[in-house]
Amino acid sequence: MRSPVGEGRERLLQALFDEFGETGPSPKLSMRQVAERLGVHHTLLTYHFGSRPGLLSAVLSEARRRDNLVIAAVGKDLGFAALCRAIWTFYSNAEHEDRSRTFFHLAGLAVYEHKAFQDFAADLDDLAHLLEAAALREGFTMVDAKQQSIIATACLRGLLLQRLLTPDAEVDAPAERFITSLTTTIT
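Residue numbering for the sequence shown follows the UniProt record's numbering, beginning at 1 and increasing consecutively.
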């Protein structure tokens, strides 16, 4: 009897997390190498994920979904600036550096192949939605909450990218300065 549609893909995703952890396989590994590590034929990965970038996108999207659940649980009662700080603390942690690298690798690919990365791009707003909800709790209008969440998400991602591109750069102090500035702009 065949598994319901999607169940095989979900089992493969879980196997990928079991084998490679939260960061997924290295972007340097081929589909054949990943399949070997999982003990499956590479055509199975191609069937479910399409390509190596598709596989990385699926793993990263699932990791981000899990991250957002953790951040949402921690931040459900936090104000906007405190939630920004929690997000920064979470993603600037050294244990998430490989996942951040994969994120920016895929974001770069998505710029050139938007259609191939539609699911990945659609999930990019999840953090902004969490921040938007925090801003609404603080009394922002819908328009202001949306705009402030986009600005904050872009700034935090930019700082993470800066850290990856110039590892010697001190970005924690600018991140804190940005987050602190939010408490003076939110009223």
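Quick reminder that beta carbons are idealized off the backbone N, C-alpha and C, glycines included. Keep in mind that this is a model prediction, so the values were computed, not measured.
Return the chain-ordered list of same chain residues with a C-beta closer than 7 Å to the C-beta of residue i, the five sequence neighbours on each side being excluded.
i	result
V119	Here the sequence assigns Asp to residue 119, which means Val is not the residue at that position. S57, S61.
F49	L55, A58
R101	L164
L161	F104
H42	M31, R32, A35
R64	D123, D126
L109	P53, F117
P27	L56, T102, H105
Under the rule that 16 or more other beta-carbon atoms within 10 Å means buried, what is residue i, buried or exposed?
i	result
T23	buried
E170	exposed
T187	Residue placement at T187 is flagged as unreliable, the pLDDT there being 48, under the threshold of 50; a coordinate-derived value is accordingly withheld.
E132	buried
D168	exposed
D67	buried
R177	exposed
A173	exposed
T153	buried
A175	buried
Any heavy atom of the ligand PLP inside 8 Å of the beta-carbon of residue i?
i	result
I71	Here there are no bound small molecules, and the ligand PLP is not part of this structure.
Residue i to residue j, Cα distance in whole Å?
i	j	result
S181	V111	30 Å
V143	L127	16 Å
A147	R37	In the sequence as presented, Ala is not what sits at residue 147; that position holds Gln. Taking the straight line joining both Cα atoms gives about 44 Å.
L78	R85	10 Å
L45	L16	10 Å
P25	G139	42 Å
G75	E10	28 Å
Y91	E97	8 Å
A145	A135	5 Å
G158	D18	30 Å
S149	H129	7 Å
I151	Y47	38 Å
K115	A121	9 Å
R99	F20	11 Å
N93	T166	16 Å
To which residues of the same chain is residue i closer than 6 Å at the C-beta, ignoring the five residues directly before and after it?
i	result
I179	A81, C84, R85
To which residues of the same chain is residue i closer than 8 Å at the C-beta, ignoring the five residues directly before and after it?
i	result
residue 188	Nothing about residue 188 can be reported from this structure: the residues present for the chain run from 1 to 187 only.
Any alpha helix (DSSP H) of 4 or more consecutive residues that is wholly inside the UniProt domain "HTH tetR-type" (6-67): Qualifying alpha helix (DSSP H) stretches, in chain order: 7-20, 31-38, 42-49.
Start-end ranges of the alpha helix (DSSP H) lying completely within the segment 153-180, minimum 4 residues: Listed in chain order, there is nothing to give.
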